[in-house]
Amino acid sequence: MTTHHDPLVHLHTDRTHPPADEDGGPPSGAPSAHRRSRRPGFGRLWRGRPEDPRRVRPAFLGLLLATAVLYLYNLSASGYANSFYSAAVQAGSQSWKAFFFGSLDAGNAITVDKPPAALWPMALAVRIFGLSSWSVLVPEVLMGVATVAVVYAAVRRRFGPAAGLIAGAVLALTPVAALMFRFNNPDALLALLMSVACYLVVRALEDGRTKWLVWAGAAIGFAFLAKTLQAFLILPALALVYGVCAPVRLRKRLGQLALATAAIVVSGGWWVAVVELWPASSRPYIGGSQHNSFLELTFGYNGLGRLNGEETGSVGGGGGPGGGSGGQWGETGWDRMFNSEIGGQISWLLPAALILLVAGLVATRRAGRTDTVRASFLVWGGSLLMTAAVFSYMAGIFHQYYTVALAPYLAAVVGMGAATLWERRERIWASLALAAAVTASAAWGYVLLDRTPDYLPWLKVPVLAGGLVAALGLVFAGRLGRRTALAAAGLGLVASLAAPTAYTLSTLREGHSGSIVTAGPSGASMRGGGPGGGPGGGGFPGGGNAPGQGQGQNQGQGGPGGFPGGGTAPGAGGTGRNGQTPNAQNGQNAQNGGPAGGPSGEGGRMGAGGGGMGGLLNGAEVGDEAKKLLETDADAYTWVAASVGSQNAASYQLGTGDPVMAIGGFNGTDPSPTLAQFKEYVADGRIHYFIGGGAGGGMGGDSATASRITSWVEAHFKEVTVGSATFYDLTSPTA
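What follows is the structure in C-alpha cells.
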C-alpha cells in the first residue's frame, strides 16, 4: 500500500506498540516517548510539537478561537437563560452556604433538584464580576471551548491532527452543542467531564499507568455532582474496554479498576456524605425529593424514575415499558434519536458515525488485544452507543437538549473513522465505507432540512448533490491523484457539515430561556407532526408546546392537549423564541405566563387545585412596581417573598436581588416548608409577602402542602394588587 504524506493528514501508524512493563511503566516506543523537547513561552504555544507540520497548532488554536467567537455571539439575548439555575447562581454568589448546597435562595430554604457542581463556576463568576447574563453564561461557553479542545486532543493522539480538527469542528457545529454550551443547565459541565474521562481512559490504555484511570474515575465522580446518575451511563463501556484491552496483567487491570471506582466514590461521594450527615434542621431542604434526602433524589426522581417514568413529584413520565409507545415525553424506541423531536438536535452525522464505527472496528479486527486504535474506537463508540440506547428507551422525563451528551462521542468517532478509512483509501472496502458515510450524511441532512421547509429551502438540494458527488469521488479516492482525492474529501466534509451548521447558526441568532429549549429554527424539534414523533403537535407532555416554549414567531401558542389531561397550559402562549417574550431583555428573563404565571397571564390564584403551568416552566415578568414593593425594607426579612414553584420565585429573586422562598420546589410538589413551618416563619417575621398565582401540581408529589399554605395565606392576610400581580402582606393580618 502506498503511503501518503499529506499535511494535517499525517497519522500515527505505529499501532502495535509493545505492552507496558508489568510495573505500569510506559512501553518502549510509546508515542509520547520522543516528545520531551520544550519550546520557551509563546513559541511552544504557537508552534506546538516539534514534529508537527507548521500549520497544525495554528489550525487548532484557530478552531478554539472560532468556537469561542461563535458561542459568544449574541450571548446576552438569552438573558438569564434558565432562571431556575440563575437564581441559584445568584444565591451562591451571596451566601457560601447556598453555594455549597446549591440553594435556590440565599436564605437557604430549598435547593435546586440537582447537585451543585454545575452552579459553582457560574456562582464564582458572579461573585467576581457581578450578576449579569454574561457572568452567568460565559463559563458555559468556556466549557464548550474546553470540550472541543479535549476531543481534539484525544483524537489527535492516535489519529493525527486532521482527525482531531474534524472531530472538534463536528462537535462545535452540532446544533444542540451550540445551544447547551451557551445555556446554564448542568449539561455543559457534564459533557466536558465525560469527554475528559474518555480522554484519560484512552491515555491509560496506551501505557497502562494507574494514574490516568484514577483521574478518569475522579472526572466521572465530579460529573456525578453535576447531573447525578447520568454520569455513570458510560461506565460499563469504559470498564469493559479497559478490563479487556489494557496493556498490563489481568490482576493489575482489576486492581486499577478498583482504584478508579474508589476515585469515583471519593470525588462524587464527599459532598453527598456531608449533605446526608449534616443536620437537616440547619441545611436547606433537598429539592426534588419527598423526604429531604439527596439519596432519594439520586435514585428516584433523578435516577431510576427517569428510566421507568415513575418520578414522584414530577409532571409525568413518558413511553411505557418496552418502548414504542407514545408517552408524555415522546415516543421511545430504537429510532428516537432520529425522530421529528430529536433528529434536528443531534442526529445529523449519527448515521455516518455508526458506519465509521463499524468500519474502524473492521479495519482493526486483526490487531492485538492491546491495540490502542481499536481501543479508542471502543471507548468513544461504546460511550456513544450506551448513552444513545438509554436515551432511546428511557420512559421518564426526557428533553431534547439532553442529547448534548452524545455530541463529544459522536464527533470523536467521526474524526477517528474518517482518518482511519482515509489512510486505507486504496482498499476498495475502505473507499466504499467513506463514500457510504458521506452519502448517509448528505441524505439524512436532506431529510432533516425537509422537516423545516420554510428554513433555507434552497440548501437541501446542494447538500444532497454535493454529498453524492463527493461520495462518487471517494469511491475512487485510492486511484485518483492526491489533489483530486483531497478535493473529493473536502467536498464531502462540507456537504456533511453544511446542514448542521445552518441549524447551529440559527441557534446562535436567537435567545433561549425557560426550562425547555431546543436548537435550530422554528419547527425543528416538535413532538409529533412527523415520523417517529409522539401524538400531538408540540414539545410538552401530551403533545402541546410547553408554556411559552415557542420555536419562532408562529410557535409557542400551546396546542391541543398541551398538558396532561388536555387543553392549553395556563399561562401558555406568546410569540417568543423558546419561551422568550420580547420583554426578556437585559437579563430579566421575562417569560410568558404573566406577572405571576397564573391563568391567562393575569396573576391568577393557585387555590387548592394547583397552579398555572406557565409559572412552572417559565417564571414571571417582574414589573417595576412589584420590584419596588418587594424591595421596601427588604433587609429586615430573610425572604422578601414566598411563591409556589421555583420559576416564579426565581424570577422575582433575580428581579429584586433579594431571596425569595420557593414553596414546594421546582414543581411545587415538594413538602417543604410544611404549613406549620411556614406559620412559624411568618410569626417570626422572616417573610414579608406571599406571591399569588404560583405554579404547582405535579404528579405524585405532595402538592397539598403548597395548597394548604396558599389557602391559609388567602384566608388570613391582606391582599395587595400591584399591576396585574397579586401579593399578600404577611405582616398585615386581615383580622
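So the sequence shown is numbered by the working numbering: it starts at 1401 and just counts up by one.
Backbone N, C-alpha and C define an ideal beta-carbon position, used for all residues, glycine too.
Computed from a predicted structure; not experimentally measured.
- With fewer than 16 other beta carbons inside 10 angstroms of its own, residue 1670 counts as exposed.
- Boundaries of the beta strand (DSSP E) harbouring residue 2125: 2125-2133, taken from the DSSP string.
- Taking C-alpha positions only, residue 1659 is separated from residue 1500 by approximately 27 Å.
- By the CB criterion at 9 Å, residue 1604 and residue 1642 fall inside the cutoff.
- Within a 10 Å sphere around the beta-carbon of residue 2118 sit fewer than 16 other beta-carbons, which makes this residue exposed.
- The beta carbon of residue 1461 is closer than 6 Å to none in its chain, skipping five residues each way along the sequence.
- Taking the C-beta atoms as reference points, residue 1845 is found no nearer than 9 Å to residue 1479.
- DSSP links residue 1594 through a beta bridge to no other residue.
- Rounded to the nearest angstrom, the gap between the Cα atoms of residue 2058 and residue 2027 is 10 Å.
- In its chain, beyond the 5 residues on either side, no residue has a beta carbon closer than 6 Å to the beta carbon of residue 1881.
- The Cβ atoms of residue 1814 and residue 1746 do not sit closer than 9 Å to each other.
- Residue environment for residue 1644: exposed (fewer than 16 other C-beta atoms within 10 angstroms of its C-beta).
- Residue ranges of uninterrupted beta strand (DSSP E) with 3 or more members, entirely inside the stretch 2011-2057 and ordered along the chain, are 2039-2044.
- Beyond the five residues adjoining it in sequence on each side, residue 1635 comes within less than 6 Å, by CB distance, of no other residue in the same chain.
- Cα atoms of residue 1866 and residue 1892: separation of roughly 7 Å, rounded to the nearest angstrom.
- Around the beta-carbon of residue 1687, 16 or more other beta-carbon atoms lie within 10 Å, marking it buried.
- Three or more pairs of CB atoms, one per stretch, sit closer than 8 Å, so the stretch 1739-1757 contacts the stretch 1823-1842.
- Closest option to residue 1675, judged by alpha-carbon separation, among 1573, 1458, 1692: 1692.
- The C-beta separation of residue 1623 from residue 1631 comes to about 4 Å, placing the pair in contact by the 8 Å criterion.
- Of 1515, 1787, 2021, the smallest CA-CA separation from residue 2093 is found for 2021.
- Taking 9 Å as the cut-off, the Cβ atoms of residue 1515 and residue 1502 count as close.
- For residue 2118, the uninterrupted beta strand (DSSP E) segment begins and ends at 2117-2122.
- For residue 1540, the number of other beta carbons within 10 angstroms of its own is at least 16, and it is reported as buried.
- Separation of residue 1684 and residue 1508 (C-alpha to C-alpha, rounded to the nearest whole angstrom) is 5 Å.
- Taking C-beta separations shorter than 8 Å and ignoring five residues to either side along the sequence, the partners of residue 2116 in its chain run 2133, 2134, 2135, following chain order.
- By the CB criterion at 9 Å, residue 1595 and residue 1749 fall outside the cutoff.
- Residue state for residue 1795 is assigned as coil, using DSSP reduced to three classes.
- Residue environment analysis places residue 1842 among the buried positions, since at least 16 neighbouring C-beta atoms fall within 10 angstroms of its C-beta.
- Bounds of the beta strand (DSSP E) holding residue 2060 are 2060-2063.
- Taking a contact to require three or more Cβ pairs closer than 8 Å, the stretch 1557-1571 and the stretch 1609-1619 do not qualify as touching.
- Residue 1503 sits in a strand when the DSSP states are folded into three classes.
- Sequence-distant partners of residue 1481 (beyond 5 residues in either direction) whose C-beta falls short of 6 Å from its own C-beta, in its chain, are 1583, 1584, 1913.
- Within the model, the alpha-carbon separation for residue 2113 versus residue 1856 is close to 53 Å.
- Note: residue 2087 is bridge-paired with 2039 in the DSSP secondary-structure output.
- Residue 1860: member of the alpha helix (DSSP H) spanning 1860-1875, first to last residue.
- Distance from the CA atom of residue 1783 to the CA atom of residue 2107, rounded to whole angstroms, is 44 Å.
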